[in-house]
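The block underneath contains the structure these notes are about, expressed in structure tokens.
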Amino acid sequence: MPPALTRAVTATAWRGPRVGGAGHACRVVPPSRWDVEVGWHGEGALSRRFGAFVDSADLFDARAFGIAAPEAAAMDAQQRLLLEAAHEALAGASPRALSAFSATSGTLSAACGRISYTLGLKGPSVSIDTACSSSLVGVHLVVSSFLGSACPRALVAGVNLTLRAETTAVLSRAGMLAADGRCKTLDAGGDGYARAEACVVHLLEAFSERELAHTPLQGHALYVHGTSVNQDGRSSSLTAPNGPSQQQVVGAAAEVLAGAAGAKARRPLELQAAKCRLLHAEPAAGALGLSALAQRLQQAAGPAMLHLRALNAYLAPTLHVRACVGG
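Take 156 as the starting number for the sequence shown in our numbering and just add one per residue.
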């Protein structure tokens, strides 16, 4: 019987949106993305004006990674962010055998391969596209399949840049985006989500009892006790959630940070969210939520749930809400 292993997130590097004075990251689309005054003034035009953005996403030190200028100019900006964050996550790591596992979005099949090539990592290297759950599915596969004695260390990454106005326009026309650019988690007035940029890389490591005895984990380590993945199966539509399926996957995992984006059909199925502050980073949302969970545990406190004014009526049968009088 193989020895028991402790799995933990021991380092994180991320590039995310700035939280402003209002306590959230929502702002008007900067000119470096697209001109909100040009091109589209029809239905849903208001929602394409807002989002959360990574500053200086166009800057990249190609020479530091041994990449020629022409190749760097042609690289997807998301791959550049992944390289920087992956290098940063590994920078302070102890000298153990390395392995990379990158969860990214879309058709970025080269993103994880580029990290392995540039940093000299020889373990499993896989890109995952399960839409907004991509980076959390990456965590699950690392913990359940790869992370062990043969692969003691792995990277899990998620990245999202909103560089094309056309994509936001399509989502807006489909009624998926909030008109005011806010994710109103658990609120009765939720009318969609707002898109966010982020790049997050987590370093996960597996430790035997002997290793933990000699090299105890730092206080910032986030222990991963269990993960679970399933699929909605048959529901009212291809993109609609399935309540019983989500209950099953939550019950199968030891620790859960639910990522409620603010859509009416989704909110009653979720537990807690960082999206009311950082918005919805789509394929990088899970990795960003994991960082938010780690921060909450380290500080033994959590930020307020913004934009929650009237509780969604669908939550009444499942939540017991206690009014806090005078405080």
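Note that CB positions come from ideal geometry on N, CA and C, so glycine has one too.
No experiment lies behind these values; they were computed from the predicted model shown.
| Query | Result |
| --- | --- |
| For ALA217, tell me which candidate among LYS430, VAL184, ARG269 has the shortest Cα-Cα distance. | ARG269 |
| Work out the CA separation of SER264 and LEU412 for me, nearest whole Å. | At LEU412 the pLDDT is 42, less than 50, meaning the model places this residue with poor confidence; the figure from the coordinates comes in the next sentence. Spanning the two alpha carbons is a distance of roughly 28 angstroms. |
| Between GLY278 and TYR272, what straight-line distance do the alpha-carbon atoms span, to the nearest angstrom? | 11 angstroms |
| Going by C-alpha distance, which of LEU237, SER202, ALA207, PHE205 is nearest LEU214? | LEU237 |
| Is the distance from the Cβ of ARG308 to the Cβ of GLU352 below 9 angstroms? | no |
| Can you find at least 3 beta carbon pairs, one from the segment 167 to 178 and one from the segment 387 to 398, that sit closer than 8 angstroms? | no |
| Whole angstroms is fine: what's the gap from GLN453's alpha carbon to CYS431's? | 20 angstroms |
| Identify the continuous alpha helix (DSSP H) that holds HIS369 and give its terminal residues. | 364 to 369 |
| Which residues in the same chain as GLY178 place their Cβ atom closer than 8 angstroms to its Cβ, once the five residues preceding and following it in sequence are excluded? | ARG432, PRO458, ALA459, LEU461 |
| Taking 9 angstroms as the cut-off, decide whether the C-beta atoms of ALA212 and LEU326 are in contact. | no |
| Let me know if PHE226 comes out buried or exposed under the rule of 16 or more other beta-carbons within 10 Å of its beta-carbon. | In the sequence on display, residue 226 carries Glu and not Phe. Looking at its Cβ environment, which holds fewer than 16 other Cβ atoms inside 10 Å, GLU226 is exposed. |
| Does DSSP put HIS435 in a helix, in a strand, or in coil? | strand |
| With C-beta atoms as the reference, is ARG350 less than 9 angstroms away from HIS435? | yes |
| Output the residue ranges of the alpha helix (DSSP H) runs that lie fully inside the segment 285 to 351 and measure 4 residues or longer, sorted by chain position. | 289 to 296, 320 to 328 |
| Who are the near neighbours of ALA465 in its chain, counting only those whose CB is closer than 8 angstroms to its CB and skipping five residues on each side? | ASP342, ALA343, GLY344 |
| Going by C-alpha to C-alpha distance, which of THR167, ALA159, LEU160 sits closest to GLY313? | THR167 |
| Is the separation between the beta-carbon of LEU443 and that of VAL355 shorter than 9 angstroms? | yes |
| Here's the rule I'm using: 16 or more other beta-carbon atoms within 10 Å means buried, otherwise exposed. How should LEU377 be labelled? | buried |
| Below 8 angstroms on the Cβ atoms is my contact criterion, and I expect ALA408 with SER446 to pass it. Report the Cβ-Cβ distance as a whole number of Å. | Actually they do not touch by this definition, with Cβ atoms about 18 angstroms apart. |
| In chain order, what residues of the same chain have a beta carbon less than 6 angstroms from the beta carbon of GLU437, not counting five sequence neighbours either side? | CYS287, ASN315 |
| On the DSSP bridge assignment, give the partners of GLU360 in chain order. | ALA163, ARG308 |
| In terms of residue numbering, what span does the alpha helix (DSSP H) encompassing SER280 cover? | Here SER280 belongs to no alpha helix (DSSP H), and DSSP marks it neither H nor E. |
| Less than 9 angstroms between the C-beta atoms of PHE208 and PRO186, yes or no? | no |
| Rounded to whole angstroms, how far is the Cβ of ALA428 from the Cβ of THR340, which I believe are closer than 8 angstroms? | 5 angstroms |
| Are the beta-carbon atoms of GLY441 and SER299 separated by less than 9 angstroms? | no |
| Mapping the DSSP letters down to three states, classify CYS354 as helix, strand or coil. | strand |
| What are the boundary residues of the alpha helix (DSSP H) that includes CYS267? | 264 to 274 |
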